[in-house]
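Numbering (our numbering), first residue to last: 460 to 843.
From the three backbone atoms N, C-alpha and C, an ideal C-beta is built for every residue, glycine too.
No experiment lies behind these values; they were computed from the predicted model shown.
Input: a single structure, listed below in structure tokens.
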Amino acid sequence: MRKIDFEDIERQGIHTPFYFYDMRLLEKTLRQARNEADKYDFHLHYALKANVNTPLLKRIQELGFGADCVSGNEVQHALNHGFSASKIAFAGVGKTDNEIKQGLVNEIFSFNVESIPELMVINDLALQNNKIARIALRINPNVDANTHHYITTGIEESKFGINHWELDAIIEKLPVLKGINLVGLHFHIGSQITDFSAFKSLCIKVNKIQEFFSSHGIEFEHLNLGGGLGIDYHAPDQNEVSDFRTYFALFNQLIHRKEGQEIHFELGRSLVAQCGSLITKVLFIKEGAARSFAIVDAGMNDLMRPALYQAYHQIQSLTSKVSDVRKYDVVGPICESTDIFLKQIALPQLKRGDILAIRSTGAYGQSMRNNYNMRKDAQEWYQY
Ligand SMILES: *Cc1c(COP(=O)(O)O)cnc(C)c1O
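This is the structure in structure tokens:
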């Protein structure tokens, strides 16, 4: 990890726990993603829900990314940060009428529609507002992403997307839906996918589904293949940037792209996760019956992923240099037994006041924070 001048940061009024963002690494990551995607003229959207902080969003927008939003507030936030409405995709299984109207008024790139009832409502609201909604059907391709169950979205038991047995009904209804312009097909099978065979299976399904529509005379301006590319949580320094080259090359090779058809992706985690670390201070070392606890000043409200889906984040000490290595359970102050960042992790012997970095927390860290136990929001620091 890049060297951080902790004392200087504290002098600037930033105190632990705080999120540290390495803006150089962000830049490197964004540029690599862009360069690899540009080889095939692929369009990239950034999934805002991973991190909505202004300095990151500004840079992402400046580099030409579109936005992928999952709420009306995210759509507004993207607009406020200069993303053009013509580059904003809006997904989500539960869009409210107000959120739909907002998307219509702004004439966004696409509503990624997740059910037949939603399709009907968007059609009605578009007609009432004298608009035509650009929509992409989010299809559930029934592909197992081989990732944590809680972040799998593309299998039939999932709430996301339209199932294949509903497609006939949609094709039947389409001709009467005058408020709708069907422009794309959308897929997103899950997150933190490191097994590329899942993306291969996705491509095969996408081709089949596209053929099915073609056989009914329906063609699409674009295919949106979602996000989900994983990062290396176990070796963030060795693998700072995900393998965008292999990822985009795979889709380029396997997707049957129609003449003039645009291909879109919506990446979140792989763009912003590695540039962030949660910096926290050891409050107490507590000797338990069979283990030592390092009690730190960050809690599950600052970083929810370990408590929510047993996510692993590497932890390193930025201050202790003792060669004597001990095992600790690194835990937060919140009154919940699940407020644990890592169990039985080997660290140089810690003492009160030592500083730890919880790594790879740029994605789904700050954006998922909450104020449980009336805790304050963690501060943030951007290193350029
Ligand atoms: C969350 C989400 C993404 C981004 O997922 P990552 O795993 O962070 O790349 C893309 N598309 C949709 C529809 C999403 O909900």
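Nonlocal neighbours in the same chain, by C-beta distance under 7 Å from residue i, ignoring five residues either side
{"i": "TYR831", "result": "ASN760, ILE793"}
{"i": "ILE547", "result": "GLY525, ALA526, CYS528, VAL534, ALA537, ILE567, PHE568"}
{"i": "LYS802", "result": "ASP788"}
{"i": "VAL731", "result": "LEU485, ALA509, ASN510, LEU515, GLY821, ALA822"}
Pairwise C-alpha distance: residue j and residue i
{"i": "HIS607", "j": "SER701", "result": "18 Å"}
{"i": "ILE751", "j": "GLN808", "result": "Here the sequence assigns Ser to residue 751, which means Ile is not the residue at that position. SER751 and GLN808: Cα-Cα distance of roughly 11 Å."}
{"i": "ARG716", "j": "LEU515", "result": "32 Å"}
{"i": "ASP756", "j": "LEU762", "result": "12 Å"}
{"i": "ALA805", "j": "ALA550", "result": "41 Å"}
{"i": "PHE485", "j": "GLY620", "result": "Phe is not the amino acid found at residue 485; the sequence shown has Leu there. The alpha-carbon atoms of LEU485 and GLY620 are separated by roughly 31 Å."}
{"i": "ALA459", "j": "GLU469", "result": "Lying outside 460 to 843, the shown extent of the chain, residue 459 is not represented and no answer is given."}
{"i": "ILE663", "j": "ALA592", "result": "28 Å"}
{"i": "GLU631", "j": "PHE672", "result": "12 Å"}
Any non-hydrogen atom of ligand 1 closer than 8 Å to residue i Cβ
{"i": "LYS508", "result": "yes"}
{"i": "VAL564", "result": "no"}
{"i": "ARG764", "result": "no"}
{"i": "HIS723", "result": "no"}
{"i": "HIS675", "result": "no"}
{"i": "ASP527", "result": "yes"}
{"i": "GLN471", "result": "no"}
{"i": "HIS536", "result": "no"}
{"i": "ASN605", "result": "no"}
{"i": "ASN666", "result": "no"}
{"i": "ARG728", "result": "yes"}
{"i": "GLN651", "result": "yes"}
{"i": "ASN512", "result": "no"}
{"i": "LEU777", "result": "no"}
{"i": "LEU661", "result": "no"}
{"i": "GLY687", "result": "yes"}
Residue-chain proximity (residue i, chain B), Cβ-Cβ < 9 Å
{"i": "VAL580", "result": "The structure shown contains no chain B; it is built from a single protein chain."}
Which listed residue (the options) has its alpha carbon closest to that of residue i
{"i": "ASP860", "options": "MET833, LYS554, ILE639, ILE714", "result": "Because the chain here runs from 460 to 843, residue 860 falls outside it and cannot be looked at."}
{"i": "PHE800", "options": "GLY824, ALA766, ILE473, ALA749", "result": "ALA766"}
{"i": "ILE463", "options": "ILE754, CYS734, GLY791, THR513", "result": "CYS734"}
{"i": "ALA496", "options": "PHE724, LEU777, ILE598, ARG828", "result": "PHE724"}
{"i": "LYS835", "options": "PHE465, THR475, GLU466", "result": "THR475"}
{"i": "PHE655", "options": "PHE646, ALA708, ASN698", "result": "ALA708"}
{"i": "GLY758", "options": "ALA837, ASN512, GLN520, LEU522", "result": "ALA837"}
{"i": "LEU726", "options": "GLY472, ARG483, MET460, THR488", "result": "THR488"}
Beta-carbon proximity list for residue i, same chain, < 6 Å, skipping 5 on both sides
{"i": "GLU558", "result": "GLY531"}
{"i": "GLY689", "result": "GLN651, ILE652, THR653"}
{"i": "LEU586", "result": "GLY638"}
Cutoff 8 Å; reference residue i; Cβ partners in own chain excluding five residues on either side
{"i": "ALA628", "result": "ILE575"}
- Can you check the stretch 618-650 for any beta strand (DSSP E) of at least 3 residues that lies completely inside it and give the ranges in chain order? 639-645
- Considering only residues of the stretch 735-814, which uninterrupted beta strand (DSSP E) runs meet the minimum length of 3 residues and lie entirely inside it, listed in chain order? 735-746, 751-755, 774-776, 784-790, 799-807
- Task: Output the residue ranges of the beta strand (DSSP E) runs that lie fully inside the stretch 501-574 and measure 3 residues or longer, sorted by chain position.
- Result: 502-506, 525-528, 547-549, 569-572
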